[in-house]
Amino acid sequence: MTMFHSGRRWFTIAGILMLLLATAHTIGFFGPHPMTPAENTLFAAMGALKEDMGSMQPSIKDVYYCLALTMTVLYVALGVVMLALSANMEISDGFLRRISWVNLLWVTASAIVGYHYQIPPPFISGIILDVAVLCHLFLPGGSKVS
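Per the numbering used here, residue 59 is the first one in the sequence shown, and the count goes up by one each step.
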């Protein structure tokens, strides 16, 4: 398979990891877990508090879930784009390398935000993704320098 050729393996692995992390995020966020009485009270209050956004008035709970789903959509989209780029032999290894530098920046920033707010999943996910991206950038056979 083209995307697993030398110079593309770690880029492909990073794309696959993004898809797996999107899945884990969605399951972790929306999966079954019992709510404590304090959480029930909080979510009821979030549902009652509406924000006036012109023609829309979402609750804070709506905003919360929208942001969570947006994270899933973003990771799926980026993972699919990475796999599409990796599979296309018309895309140079040098271009994939530049995309990896962009990935390293945004993934590291995401991990820093997770660390700052003490939220382990984005922090840990960021580290895992950064390892794959760093492997693409610096391991022999990961990417050709151009």
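C-beta atoms are modelled at their ideal positions from N, C-alpha and C, and glycine is treated no differently.
Remember, it's a predicted structure, so these values are computed and weren't measured experimentally.
| Check | Outcome |
| --- | --- |
| So, residue 149 versus residue 141, is the Cβ gap smaller than 8 Å? | no |
| Excluding the 5 residues flanking residue 76 on each side, which residues of the same chain have their C-beta closer than 6 Å to its C-beta? | 133, 136, 137 |
| Using three-state DSSP, classify residue 183 as helix, strand or coil. | helix |
| Report buried or exposed for residue 98, applying the criterion of at least 16 other Cβ atoms within 10 angstroms of its Cβ. | exposed |
| Check whether the stretch 109–120 and the stretch 168–177 are in contact - that is, three or more C-beta pairs closer than 8 Å. | no |
| If you scan the stretch 84–127 from start to end, which runs of the alpha helix (DSSP H) of 4 or more residues do you find wholly inside it? | 95–106 |
| Would you kindly check if the distance between the Cβ of residue 154 and the Cβ of residue 67 is under 8 Å? | no |
| Taking the straight line between their C-alpha atoms, what separation do you get for residue 74 and residue 91? | 27 Å |
| Give the range of the alpha helix (DSSP H) segment to which residue 150 is assigned. | From DSSP, residue 150 is part of no alpha helix (DSSP H); its letter is neither H nor E. |
| Less than 8 Å separating the beta-carbons of residue 165 and residue 187? | yes |
| Whole angstroms is fine: what's the gap from residue 127's alpha carbon to residue 63's? | 33 Å |
| What does a CB cutoff of less than 7 Å around residue 95 pick up in its chain, not counting 5 residues either side in sequence? | none |
| Under 7 Å Cβ to Cβ from residue 184, same chain only, skipping five residues before and after it: list those, please. | 165, 166, 168, 169, 172 |
| Does the separation of the CB atoms of residue 191 and residue 80 fall below 8 Å? | no |
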